[in-house]
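FYI, the numbering for the sequence shown is 1 to 230, going by my numbering.
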Amino acid sequence: MRSRRRRTTSPRRLFAPTPPAASSTLTGSPSCFTLSSSPANSAPATRRWRPPSGRPAERERINGKPRVAAGVSPVEVGQRAPDFTMTSDEGKKVALSQELGAGPVLLSWYVFDFTNVCTGQLCSHRDDFGALQQFGAKVFGISTDSHHSHKAFRQLHKLPYPLLSDWNKRVSRAYGVLYETFGDYEGVSKRSVFILDRGGIVRFKWVTEDPKVPPAEGRILEEVKRLRTA
């Protein structure tokens, strides 16, 4: 009786091997970098920050429609901006009334620290901070994250302006830019921009209902410049 030999086969390849890519290194800050690739004849290119393509917005992904705080009248253009005192990323108290008088004030609300669209929004202000200063503007980023989170986020992206913590949600609610529910979260700031004149009157307002949409930085610069020259 002939013995049966077990047939051995090598595992099938499920995927074709990927050829090695040209090596590359990133230099500079995590949010504004220079990409150097080999071979040597390829010239380095400096890029402004942009969200990684195809990558989800992490905590900004939501299930269902966000629910805005009820019974609150949003602040409109031409109205006086509600005064506030919030804690900065440095642990200092910042009062709006003390920041008025010298020039325009840019209040930039965002959803969360360490998320793609929010990082792009704040890094855009950073990249144009020289022009904003030239027009005499003060810049503040605002969200409901803690000032401890703000500190790490600001240091990571080298933001040259303060981040304010609306931990108790009162300021976002007063301006009409608070989500009562946002997916699995409660009390989250809506992405929005308010530009105040030196007297504290709202001269420009931008609010989006889509948290994946950032403000147009060019429009912000135009409005700040207009207030400076008015």
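By construction, the Cβ of each residue, glycine as well, lies at the ideal position given by its N, Cα and C atoms. These figures come from a predicted structure and were not determined experimentally.
For this session: Mind checking which residues open and close the alpha helix (DSSP H) that includes Thr181?
Result: Where Thr181 is concerned, there is no enclosing alpha helix (DSSP H), although the beta strand (DSSP E) it sits in stretches over 178-182.
For this session: Taking the CB atoms as reference points, tell me whether Phe153 and Phe114 lie closer together than 8 Å.
Result: yes
Problem set entry | Residues near Tyr175 in its chain [Cβ-Cβ closer than 6 Å; skip 5 each side] | Val75
For this session: Tell me, please, which residues DSSP counts as bridged to Phe112.
Result: Per DSSP, none; premise fails for Phe112.
Exercise. How many Å lie between Leu132 and Lys225 at the Cα?
Worked result: 8 Å
For this session: Give me the Cα-Cα distance between Val233 and Lys169, rounded to the nearest whole angstrom.
Result: With the chain represented from 1 up to 230, any question about residue 233 goes unanswered, as that position is not in the structure.
Problem set entry | First and last residue of the uninterrupted beta strand (DSSP E) at Glu209 | Where Glu209 is concerned, there is no enclosing beta strand (DSSP E), given that its DSSP letter is neither H nor E.
Exercise. What did DSSP end up calling Thr87 once you bin it into helix, strand or coil?
Worked result: strand
Exercise. Can Pro211 and Val77 be called in contact, C-beta distance under 8 Å?
Worked result: no
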